[in-house]
Every structure is written in C-alpha cells, then in structure tokens.
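Visitor:
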Amino acid sequence: MKKIGIIADDSSETRARVILYSGLEDKIKREDIVLIHNGNDENPTNKILGILRKGSGRNELLNPSRYRPDIAYAKIGGEPSSSREIYSFEIIPIGSFSSEEKLSPNRLIIKPRSPVYLFEDEDENNPCEIIKNSCKKPSYLDAYIEGHRNWKVPADADYIPHHVGVFGTTGTGKSWFTRKVLIPFYLKNDYKVLVLDWSGVDYVPYFKDNVISISQIMLEPDSIYEFFADITDNFYNAKTFEEIMEEFIYDWNNRIRNKNEIEVIKELEAYINRKIPLIKRDDVKEAVERAKRRMIRKLIPEHIKFLLGEMAIPLILSILEQKRLIVIDMTGPPSNVRLSFFLTLASYLHRSMVKGQNLNLALIIDEAPQYCPFNPEGIQRKVTEEIKNLAALGRKHKLNLTLIAQGIAGEIGINAAVRRNLNTNFYGRLHPLDVTQGGAKDWLEPYGITADYLLTLEDGRFYFAGVMNPSPVPLLITYDI
Numbered sequence: 429m430k431k432i433g434i435i436a437d438d439s440s441e442t443r444a445r446v447i448l449y450s451g452l453e454d455k456i457k458r459e460d461i462v463l464i465h466n467g468n469d470e471n472p473t474n475k476i477l478g479i480l481r482k483g484s485g486r487n488e489l490l491n492p493s494r495y496r497p498d499i500a501y502a503k504i505g506g507e508p509s510s511s512r513e514i515y516s517f518e519i520i521p522i523g524s525f526s527s528e529e530k531l532s533p534n535r536l537i538i539k540p541r542s543p544v545y546l547f548e549d550e551d552e553n554n555p556c557e558i559i560k561n562s563c564k565k566p567s568y569l570d571a572y573i574e575g576h577r578n579w580k581v582p583a584d585a586d587y588i589p590h591h592v593g594v595f596g597t598t599g600t601g602k603s604w605f606t607r608k609v610l611i612p613f614y615l616k617n618d619y620k621v622l623v624l625d626w627s628g629v630d631y632v633p634y635f636k637d638n639v640i641s642i643s644q645i646m647l648e649p650d651s652i653y654e655f656f657a658d659i660t661d662n663f664y665n666a667k668t669f670e671e672i673m674e675e676f677i678y679d680w681n682n683r684i685r686n687k688n689e690i691e692v693i694k695e696l697e698a699y700i701n702r703k704i705p706l707i708k709r710d711d712v713k714e715a716v717e718r719a720k721r722r723m724i725r726k727l728i729p730e731h732i733k734f735l736l737g738e739m740a741i742p743l744i745l746s747i748l749e750q751k752r753l754i755v756i757d758m759t760g761p762p763s764n765v766r767l768s769f770f771l772t773l774a775s776y777l778h779r780s781m782v783k784g785q786n787l788n789l790a791l792i793i794d795e796a797p798q799y800c801p802f803n804p805e806g807i808q809r810k811v812t813e814e815i816k817n818l819a820a821l822g823r824k825h826k827l828n829l830t831l832i833a834q835g836i837a838g839e840i841g842i843n844a845a846v847r848r849n850l851n852t853n854f855y856g857r858l859h860p861l862d863v864t865q866g867g868a869k870d871w872l873e874p875y876g877i878t879a880d881y882l883l884t885l886e887d888g889r890f891y892f893a894g895v896m897n898p899s900p901v902p903l904l905i906t907y908d909i
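Everything in the sequence shown is counted per my numbering, starting at 429 for the first residue and increasing by one.
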C-alpha cells in the first residue's frame, strides 16, 4: 500500500479530508479506496476503510476575489508560485475494522495528522474482501470496482428478494447491465429469471431459445375484464352494460374456443343484442345500446387476437423450471393488453405466495414506468397496486422484483409507493429531470455523490447502493461487455 497523505483539520467520525503529498494530485483520483491508520502508524486507535469523493485544489495566493501580487503576475501571463497549493479529497468512511473482523460503523473521531494509505491493484489486501466479510450470504456480481478489474464486487445474496431498481437515462447501459450482471447473479444464486421485455429489443434477440410471445399466453377473466374496463372508460359508467360484459367475460375461454378475433367480436355483439330486450327500462336499454356501439367501434381485431392465447401461466412457470430463464416478448398489442397480461401473471404469483410457496423467482420488469408511473391512471392503477402487493409478499417468499427505468421520481420515474420497496439500487447517468425532482440526487448526496457528477457519469458505470451492497457507502462499479 502507498502512503498518500494525512488527515486535515476539522474531521469527525463520519467525514474527513486527506491532504495529498506533493506530486500525488496527478495520480490519486475520486472513487479510490483508502485505509486510515487512525492516530498513527505504530499504534492506531482503529483502522478505517474509506472512499475518496469531492476533490479540492486550493492556492490562497490566487483567490480571485482579493488583490495580491500573484494575481497581478498571473494577469500578464506569469506563472505564480505553487508553494502554497493544497490538494485534498473528502473521505467517506465505509467502516472500521480490525484483523479479520467484519466492518462496523466508525464511531471514533478521525484524528487530524492520521496517515492515509491507498489500496493498489498489486496489494495482497483487497478492500472488496474486507467489505465481503459483512455479508450474510456472500456472493459476487460479474462486475468490478471502477478502475480495478481484479476487484470483484461482493453482494449479499440474502437480500435478493428485497427488490432491485436499475436507473439511468437512455444509453447508460441499463439493459446490458441487467443481462450481463444481474441475470447471471440471480441464476447462480438459485433464482429462476422471468423477463418482461416491453419493447422486444433489449432481451429477446439475446435469448432467442428462451422467448415466449405474449400472443401465446392465456389471460385470466379478471385481466380481460380490466382490459375492457380500460378501453371503455369503466364501461361508460353504465351499470347494466358493465354487468352484461362481466357475464360474457367470466365465461371468456369457453366463448372464444376455436374462434378468430373477428368471430369473437361478432359473438360479443350478438350476446349484448340478446340481453338488451330483457332489460325492462327503456332508458337503460338505450344506454346499453349506445355503450355497445361505442365499444364495438373501438375494438380492433388485431388487439383482440392477443386475448386468445392458449398457454396458461402454470405451463409457462413449468417451462421456466426447466430452462431457468424465460423472456416474454411484450411487443404487438396495445399497452392495456400488455398490462392485462401482467395482472394475470401477478394474480397467479400472489395466490402462490398466499398458499405459502417460496418462488425463488426474479421478475425483471423493463420500462417500469409503463406499469407503475408516478401518477397511474386507468388499468395502471390496478397494476401499481399489484406490484406493491407482490413486493410486500415477495420478501418472505423469495420473489425478487427488478424494475428498470430511465428516471427515479416525477414524470419519468416510477410510483413512489413502489419505489419505497426497492431496497437495492443501481444508479447510472442521471436524467436531467431527476436533478429537480429528487431521486438519486437526494439519496446519494449524503455520500458525497453530487448531481453534477451523476449527470456526467460514463456509460456502463453504476453506483451500487442499498442492502445487497455490504458496503454502507455506494460503490462505483462497471462490467465487461
């Protein structure tokens, strides 16, 4: 290990600054991991693992708000003295430790003048191995600490069912990260993986032998009911029309058997026509007739065909038991049909967990704002509620939800009630809207990670934060494509 400096004035148990030795300002960088011998080298009070954030360079002779000879000299192109320059970094303590013990929160004041050492690649002591000692169920992501390819990132697999969020603006590599890092991590820790690929381009082309189209899947009557409720604005608030539709839908699978989409629409219209003469009140008859005409005009055969699938959810999960990974290609139908499928899936998983089953399943939801936006409307309200229910039960029954989104909060983010259930998060380059609407900025600034830094984060880099990270301080990680 290399000695790089000493602790400066005004330190505490949770913050300190290291003054770098001369010449090291060109070599030491943000996100480097350091070791503080608290007090001195010979007999330190404790040893503290920390990470460098918020660098600073100061030369009081060049203060632009005060006239000095050195300022005048600089104005005419001269090069002022560097003798009074000070370079420093803030140190965010990861934890205190001794010998082989696991990390614990540092509760002692970090003493000024304490020596600071830099971990290097060739060192026998790897800081990730020290961090790993805090895991209940140690495992590794197929990723490494930024700048240190040999430092594999430890993760606590015991917290997989506490749910995961992956956030970053377009092009940050969220889908690559999920495919190359998270999916292998789930699989090697005995979780099956079910991916919902909303656009059909982020996962489907990479797992061609494991793809099932949404058009093949049989929906439950409850989900089909939600679809019709959505396209008719809650059945146009005509109670009798809603009751007629409900009767038809709850025998859906028998009524559609061996029919194509056009025949199904004709069968539905004929069924309503048979019911209208049985209505006693003329005004109610007229309301039902109007509602029928409006609905039939809206129904498109291409949409109905996605409600005619024959593969039930139990069969899909049976195939998943064998293959361990399945991708559902969600492309084709309108969003309300896709969300109706999700309600069918969620209902089955919910019933299984209520019966006491452990699922050992990671459900990856790409384009999460399509399911649970910050302000859900129509069928999205039901979907958002189902995701909250799955998250609550999943922690005890080994169901992991992994939600992927461009933004965290506000118009580009996901519903706050859902977001509160995500206890491990990976933050890529920040979307500008998240700077004003909160999200990663609020969650990461206490650890010295500022919004302006997140706005310029390189593609493929993510801050790993939350309970699955044995380090209480977010770590900047990356991966090989």
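Glycine included, each C-beta is placed from N, C-alpha and C at the ideal position. Being a predicted model, the structure only gives us computed values, none of them experimental.
So E518 is in the beta strand (DSSP E); what residue range does that whole segment cover?
Guide: DSSP places E518 inside the beta strand (DSSP E), whose first and last residues are E513 to F525.
Visitor: Terminal residues of the continuous alpha helix (DSSP H) containing A715?
Guide: Its alpha helix (DSSP H) spans residues D710 to K726.
Visitor: What do you reckon, are the CB atoms on A500 and P508 nearer than 7 Å?
Guide: no
Visitor: So the alpha helix (DSSP H) V755 belongs to, where does it begin and stop?
Guide: Counting along the chain, V755 falls outside any alpha helix (DSSP H), though it belongs to the beta strand (DSSP E) covering L753 to D757.
Visitor: Give me, in chain order, the residues of the same chain whose beta-carbon lies closer than 8 Å to that of P797; leave out the 5 immediate sequence neighbours on both sides.
Guide: A833, Q834, G835, I840, G841 and I842
Visitor: With DSSP collapsed to three states, give me the class of Y678.
Guide: coil
Visitor: State the start and end residues of the unbroken beta strand (DSSP E) segment that holds A740.
Guide: Looking at the DSSP string, A740 is not in any beta strand (DSSP E), and its letter there is neither H nor E.
Visitor: Consult DSSP for F635 and reduce its assignment to one of helix, strand or coil.
Guide: Three-state DSSP puts F635 in coil, outside helix and strand.
Visitor: Using 10 angstroms around the beta-carbon of P757, count the other beta-carbons present and answer buried if the total reaches 16, otherwise exposed.
Guide: According to the sequence provided, residue 757 is Asp. The question's Pro does not apply to it. D757 is buried by the Cβ-count criterion.
Visitor: Along the beta strand (DSSP E) that carries N912, what are the first and last residues, could you check?
Guide: Residue 912 is absent from the model: the chain starts at 429 and stops at 909.
Visitor: Just tell me which of S763, E654 and N828 has its CA closest to the CA of T852.
Guide: N828
Visitor: Exposed or buried, G505, counting other C-beta atoms within 10 Å across all chains shown (16 or more means buried)?
Guide: exposed
Visitor: I need the straight-line Cα distance from N554 to N817, nearest angstrom please.
Guide: Here the alpha carbons of N817 and N554 stand approximately 41 Å from one another.
Visitor: Let me make sure I understand the geometry here. Which of L546, L767, R486 and D437 has the alpha-carbon closest to that of D650?
Guide: L767
Visitor: Report the three-state DSSP secondary structure of K810 (helix, strand or coil).
Guide: helix
Visitor: Taking the straight line between their C-alpha atoms, what separation do you get for K694 and N688?
Guide: 10 Å
Visitor: Please report the Cβ distance between T600 and D862, rounded to the nearest whole angstrom; I am assuming they are in contact, meaning their Cβ atoms lie under 8 Å.
Guide: Rounded, the Cβ-Cβ distance is 12 Å, inconsistent with contact.
Visitor: What residue from K560, E453 and R607 has the CA that sits closest to P898's CA?
Guide: K560
Visitor: Do V621 and A790 have their beta-carbon atoms positioned less than 7 Å apart in this structure?
Guide: yes
Visitor: Can you grab the Cα-Cα spacing for the pair V811 / F655, in whole Å?
Guide: Distance between the alpha carbons of V811 and F655 is about 12 Å.
Visitor: Closer than 6 Å by C-beta to Y631: which residues in its own chain qualify, once you throw out the five before and the five after it? Chain order, please.
Guide: V623, D625 and V755
Visitor: Quick one: does the C-beta of L480 sit closer than 6 Å to a heavy atom of the ligand NAD?
Guide: You won't find the ligand NAD in this model; it holds no ligand whatsoever.
Visitor: At a cut of 8 Å, does the segment 512-519 reach the segment 446-460 through at least three beta carbon pairs?
Guide: yes
Visitor: Alpha carbons only, please: which of I476, L787 and V581 is nearest the one belonging to I520?
Guide: I476
Visitor: Just mark K751 as buried or exposed, buried being the case when its beta carbon has 16 or more other beta carbons within 10 Å.
Guide: exposed
Visitor: Span of the beta strand (DSSP E) holding Y614?
Guide: Counting along the chain, Y614 falls outside any beta strand (DSSP E), though it belongs to the alpha helix (DSSP H) covering I611 to K616.
Visitor: What are the residues that DSSP puts in a beta bridge with F663?
Guide: The partner list for F663 (beta bridge, DSSP) is empty, contrary to what the question assumes.
Visitor: Determine the extent of the alpha helix (DSSP H) in which N701 is found, giving its start and end residues.
Guide: E689 to K703
Visitor: Around the C-beta of A837, are 16 or more other C-beta atoms found within 10 angstroms, so that it is buried, or is it exposed?
Guide: buried
Visitor: Is D551 closer than 7 Å to M739 when the C-beta atoms are compared?
Guide: no
Visitor: Could you check whether N468 and S524 sit closer than 7 Å to each other, using their CB atoms as the reference points?
Guide: no
Visitor: Do the segment 712-720 and the segment 678-685 touch if we need at least three Cβ pairs shorter than 8 Å?
Guide: Counting Cβ pairs under 8 Å, fewer than three are found: no touch.
Visitor: Between the Cα of A657 and those of I640, I645, I642 and I677, spot the shortest distance and give me the residue it belongs to.
Guide: Nearest C-alpha to A657: I677.
Visitor: Considering only the alpha carbon of each residue, which of K565, P761 and A436 lies closest to I645?
Guide: P761
Visitor: Please state whether the Cβ-Cβ distance between P540 and I435 is less than 7 Å.
Guide: yes
Visitor: Is DSSP giving L748 helix, strand or coil here?
Guide: helix
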